[in-house]
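In our numbering, the protein residues as written are 2 to 106. Just so you know, even glycine gets a beta-carbon here, dropped at the ideal spot from N, CA and C. All figures in this text were calculated on a predicted structure; none of them were measured in a lab. Data first, discussion second: the structure below is written as structure tokens.
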């Protein structure tokens, strides 16, 4: 019974992390153009006093030891946060087709 409770708790942790990452992603989608929001991404927030970038790097490293942390979501969020901080437009990250790439310099 203890094993079932532990598995249920681990499943709950994974679902909570996915929910949190989804909420952050939605914030990035809707507020990625807002300079105040972008500045908040690189400043320490809350009790931890760490930036979202640093927390996502730590989460990515933790994925090696904990398979309950969704690595794809962590890396995607990290890339989106860096995209916002570095002001990289979406079209720069999209792969170009070979005919389109050959036509433009």
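- The alpha helix (DSSP H) runs lying completely inside the region 5–57 and spanning 4 residues or more are 36–43, given in chain order.
- Within its own chain, the residues whose Cβ lies closer than 7 Å to the Cβ of residue 43, once the five positions on either side in sequence are excluded, are 52, 54, 86, listed in chain order.
- The Cβ atoms of residue 57 and residue 75 lie closer than 7 Å to each other.
- Beyond the five residues adjoining it in sequence on each side, residue 17 comes within less than 6 Å, by CB distance, of no other residue in the same chain.
- Of the residues assessed, residue 89 falls on the exposed side of the cut-off, its CB having fewer than 16 other CB atoms within 10 angstroms.
- Out of 19, 13, 34, the CA that lies nearest to the CA of residue 73 is found in 19.
- Note on residue 65: under 16 other CB atoms within 10 angstroms of its CB, so exposed under the neighbour-count rule.
- Taking the Cα positions, residue 96 is about 19 Å away from residue 78.
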